[in-house]
Amino acid sequence: MVQKIVLRNEVVKVKGRVKVITVKKEDFFKVLKLAKLRVLDKEYEALMPPMNSLQKNTIDVNGLATIIQQYTETTLNSMNNSSTPSPAQIVFTTSGGNITLSYMNGINPNSQGVTVYIQVFQKSGNYTFQYYYIGFDTTNSSYSVSGLELYVSAYGTSSARIAYASSSFTKTSDSYLFIVWLIEFQNIPPYLVPFTPILQNNVNVYEANNLSIPNYYTVYFNNNNCNFSCNGDCPSADLSSFIVSVQNNSVILELPVTVPLQGATSNIELLLCIRQNFYNMPTISAYTSTKLAPPVSGGVFYAIIATIEIIYQVS
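First residue of the sequence shown: 1, per this note's numbering; consecutive thereafter.
Next comes the structure, spelled out in structure tokens:
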């Protein structure tokens, strides 16, 4: 008999906010200030415009799904993508055609570009990943804009549009332009961090596959005759496959795993264990478990298909 179980059904919030600032050239240093950001217990400084009064944008669910699919494949299969797409681009829609700001590692005079800063913190045990995309044009160019698009990539993925916004403004030859775009992944339980894309960023926080202590993503089944713990001797299976789908304003990531059994059991008890290494961030080791009664009293299970379901809810 095969029984399908949803081990956990978690909702990760994905939010975006954007703001456009145009200033006279002589006010350049009145706008840019050193801001203190944190990656957990480490603090660093970044040159940024003010973060207040950000306006809501639209998250591109299909673009988000593309990044989640490619990143999950990289995570589960320990793949290293040989291609290196741009960490970020901001595209302007103008009457004369599109203008593209491409990634640069910092804001420079007389140039156009996008730089990316990351902030990571925990609240009530769950993680939030924030990405600050700072677009800038400090050249003498002039144009009028009617729309903005943000293209990003995670480590091991191609570039995809993740957000867009209607925004009407004009940059003149005697002014500088700054765009602040904030993308957030909120409410991530520690055991689901491996399945939330780490977007490319200036601080080089990313998933590390090639360390001496490997990453693992394993589900254990308690047959009441084993050491039911992470790295114990209970029947187990590694996560190796997944399904990504888009439903309304959400991306659904399902991670199925089949655990073979030997003999009968009166209860179903499963344990998910993960370990993920990072560069410039501590390793995360976490677990979650669930206990469910079989649908038929005294039933004999020869296999269980457990599904870990993550809903990336866009707002």
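The beta-carbon is built from N, C-alpha and C at its ideal position, and this holds for glycine as well.
Endpoints, alpha helix (DSSP H) assigned at residue i
i      : result
GLY135 : That residue, GLY135, is in no alpha helix (DSSP H); its beta strand (DSSP E) goes 126 to 137.
Selection from the options that minimises the alpha carbon distance to residue i
i      : options                           : result
LYS171 : LEU37, GLN186 and PHE92           : PHE92
GLU207 : ASN77, TYR132 and GLY147          : ASN77
THR100 : VAL23, LEU34, GLY135 and PRO85    : GLY135
ILE268 : VAL251, CYS234 and PRO49          : CYS234
GLY96  : ASN108, TYR143, VAL114 and ASN105 : TYR143
LEU47  : LEU64, LEU148, TYR176 and LEU37   : LEU37
GLY156 : GLU73, ALA65 and ASN62            : GLU73
SER124 : LYS15, GLN186 and TYR131          : GLN186
GLU45  : THR94, SER86, GLY106 and GLN55    : GLY106
ASP27  : TYR176, ASN210, TYR217 and ASN224 : TYR176
SER236 : TYR216, VAL203 and PRO50          : TYR216
SER285 : TYR312, VAL205, PRO190 and VAL257 : PRO190
ILE188 : ASN126, VAL116, THR258 and ILE305 : ASN126
TYR103 : THR94, CYS226, TYR132 and PHE169  : TYR132
ILE213 : THR128, ARG275 and ASP174         : ARG275
VAL259 : ILE21, ASN280, SER146 and ALA306  : ALA306
ASP238 : ASN224, TYR220, GLN247 and VAL251 : TYR220
ASN108 : VAL145, THR84, ASN52 and LEU32    : LEU32
THR84  : SER158, SER245 and GLY232         : SER158
SER86  : GLY232, ASN248, VAL246 and ASN202 : ASN202
SER146 : VAL244, ALA88, PHE29 and SER168   : SER168
LYS24  : GLN247, ILE243 and ASN140         : ASN140
VAL180 : GLN247, ASP137 and GLY232         : ASP137
Same chain, Cβ closer than 6 angstroms to residue i, five either side skipped, listed in chain order
i      : result
THR283 : ASN277
ASN9   : GLU309
LEU40  : VAL120
ALA165 : VAL18, ASN57 and LEU148
ALA160 : GLY63, THR66 and ILE67
CYS273 : THR218, CYS230 and TYR287
VAL11  : ILE311 and GLN313
VAL257 : VAL219, ALA237, LEU239 and ALA306
ALA35  : ALA46 and MET48
ASN209 : SER78
Simplified DSSP state of residue i, which is helix, strand or coil
i      : result
GLN69  : helix
ASP60  : coil
PHE29  : helix
THR283 : coil
LEU211 : coil
ASN332 : Residue 332 is absent from the model: the chain starts at 1 and stops at 315.
ASN77  : helix
ILE99  : strand
ASN52  : coil
PHE185 : strand
MET1   : Confidence in MET1 is poor, its pLDDT being 47 and thus under 50, which makes the residue's placement too unreliable to answer from.
VAL205 : coil
GLY156 : coil
ASN108 : coil
Exposure label - residue i; buried when at least 16 CB within 10 Å
i      : result
VAL314 : buried
SER241 : exposed
ILE90  : buried
PRO194 : buried
ASN110 : exposed
GLY113 : buried
GLN69  : buried
LEU211 : exposed
MET1   : Only weak support is given to the placement of MET1: the predicted model assigns it a pLDDT of 47, under 50, and the value that follows is read from those uncertain coordinates. Exposed.
LEU253 : buried
MET281 : buried
SER250 : buried
ASN222 : buried
PHE129 : buried
TYR117 : buried
ASP174 : exposed
LYS178 : For clarity, residue 178 is Phe in the given sequence; the question names Lys instead. Classification of PHE178: buried, given that the 10 Å Cβ count is 16 or more.
Boundaries (first-last residue) of the beta strand (DSSP E) holding residue i
i      : result
VAL39  : 33 to 39
VAL193 : No beta strand (DSSP E) holds VAL193; DSSP gives it neither H nor E.
GLU43  : 42 to 48
GLN200 : Counting along the chain, GLN200 falls outside any beta strand (DSSP E), and DSSP gives it neither H nor E.
LEU271 : 268 to 279
LEU239 : LEU239 -> no beta strand (DSSP E), and no H or E assigned at all.
THR172 : Here THR172 belongs to no beta strand (DSSP E), and DSSP marks it neither H nor E.
GLY113 : 112 to 123
THR218 : 216 to 221
Cβ neighbours of residue i in the same chain (closer than 7 angstroms, five flanking residues each side left out)
i      : result
ALA154 : ILE67, TYR71, PRO197, ILE198, LEU199 and GLN200
GLN55  : ARG17, VAL18 and LYS19
LYS13  : GLN186, ASN187, GLN313 and SER315
Spatial neighbours of residue i in its chain, beta-carbon cut-off 8 angstroms, leaving aside the 5 residues before and after
i      : result
ILE162 : GLY16, ILE59, ASP60, GLY63, LEU64, ILE67, LEU150, TYR151, VAL152 and ILE183
GLU43  : LYS36 and LEU37
SER53  : LYS19
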